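Written out below as structure tokens is the structure these notes cover.
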Ligand code: CA
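Residue numbers (my numbering): 404 to 811.
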């Protein structure tokens, strides 16, 4: 099978990768589909921009970066290049570009009122009735399912999934650097060039030559710092909690036949379906929808909905406290009740567990596998003291109980 190429390579400038390079027409067409364009309207880091004001980058630019990393892996890493057919390479590039296509707005908050994982939507958009699906189907009728099988990790060649999703993959190598850059967190940086240079394939498993161990350790440490400083920053969690509580109130009112002045019609399918909504319904939902409904909610009579909408729009967040005893939580709860705050909406507990890197078995495809000079494959914990210490730490095993509540 021959894949059509563009007359000349298209390039986009990118602050992280320098350039994004596109040779195949199918990639260009996917990029211009309405489902890909929708990702411009969703922040890569959800509410993190409320804490790191420049973290405005979108899922769209992250998807482009993931594609570019995958392209470099299949075209520049010698072992991968030699092992894969052109068809498999294009499949991997498509899967990398589309891996986040099903993301909703503020995914973590949203998935708590509509408990369907975004990956299921990615698969549905690729496999059924969408512009993306139509473009993939032009290759051949099986092509959409071949691409989604990489995301589902059911493809007969597990190497394809490892490129898109494993411990060091096209996805993570993009978001860690991109998030570090846009949050202004330089300890998140690591040496991608070196990692690509030491990448090998051994027994159909991605491995890294032990001479590149420093680059790998640096990558794991980068992840550790990003979790610590950015992903689990309590203030951004606090913003997501406001969104979560706001959506919960919206849903509860709707299910109890509350008479809205303006019915949140785009949200309704997500309120009433426990399972996947249609691609058309999913397409309409992005962050601007949530903001728009928050503005509308300011005109509703329900005081809780109104207050949560105001908090969301004006960044009046909940405070947080790390607490390790039940009595103190109960005290905070009783004080909120006394002051007219329903604890269902105004008290929230989280224990964020930071799995930076754990210990894996030997030759586990999901681990980071190191190729020693005598050809043995070792799991990263066996060869790196730094990583070993990290995978045994409390960060990996037990998060701290954090309680969120409004000040009185
Ligand atoms: Ca991703």
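Where is the CB? At the ideal position from N, CA and C, for every residue including glycine. As the structure is a computational prediction, the values presented were derived from the model and not from experiment.
Rounded to whole angstroms, what's the CA-CA distance from residue 617 to residue 535? Just pull it up for me. 40 Å
Is the beta carbon of residue 582 within less than 8 Å of some heavy atom of ligand 1? no
Discussion item. Could you tell me the alpha carbon to alpha carbon distance between residue 655 and residue 455, rounded to whole angstroms?
Written reply: 32 Å
*Cβ of residue 578 within 8 Å of any heavy atom in ligand 1?*
yes
### Query
What residues does ligand 1 have around it, judged by CB closer than 5 Å to any heavy atom, in chain order?
503 and 574
message: In the DSSP output, which residue or residues are listed as bridge partners for residue 506?
response: Answer is none; residue 506 lacks a bridge partner.
Open item on the list: Can you give me the C-alpha to C-alpha distance between residue 593 and residue 675, rounded to a whole angstrom?
Closed with: 44 Å
Check this for me: beta carbons of residue 773 and residue 610, under 9 Å apart or not?
yes
**Message:** If you measure between the beta carbons of residue 762 and residue 746, is that distance less than 9 Å?
**Reply:** no
* If we call anything under 9 Å between Cβ atoms a contact, is residue 542 one with residue 604? -> no
Work out the CA separation of residue 683 and residue 565 for me, nearest whole Å.
31 Å
Since residue 469 and residue 500 should fall inside the 8 Å C-beta cutoff, what is the C-beta to C-beta distance between them, to a whole number of angstroms?
7 Å
Exercise. Around the Cβ of residue 520, are there at least 16 other Cβ atoms within 10 angstroms (buried) or fewer (exposed)?
Worked result: exposed
- Task: Grab the span of the alpha helix (DSSP H) containing residue 575 for me, first residue to last.
- Result: 573-586
What are the start and end residues of the alpha helix (DSSP H) that includes residue 477?
462-479
query: Quick one, are the C-beta atoms of residue 525 and residue 571 less than 9 Å apart?
result: no
Compute the Euclidean distance between the alpha carbons of residue 574 and residue 446, then round it to the nearest angstrom.
16 Å
Which whole runs of the beta strand (DSSP E) in the stretch 684-755 are 3 residues long or more, in chain order?
722-725 and 751-753
Item to check | For residue 687, the nearest candidate out of 407, 758, 417 and 441 (CA to CA) | outcome: 441
**Asked** What is the rounded straight-line gap between the Cα of residue 751 and the Cα of residue 662?
**Response** 28 Å
Worksheet item: Which ranges would you report for the alpha helix (DSSP H) in the stretch 515-557 if only whole runs of at least 4 residues count?
Response: 521-530, 534-540 and 546-555
Check: Closest by CA to residue 601, which one among 590, 589, 614 and 591?
Finding: 614
Mapping DSSP to helix, strand and coil, what is residue 645?
-> helix
Straight-line Cα distance separating residue 545 from residue 810: 56 Å
If we call anything under 9 Å between Cβ atoms a contact, is residue 620 one with residue 756? no
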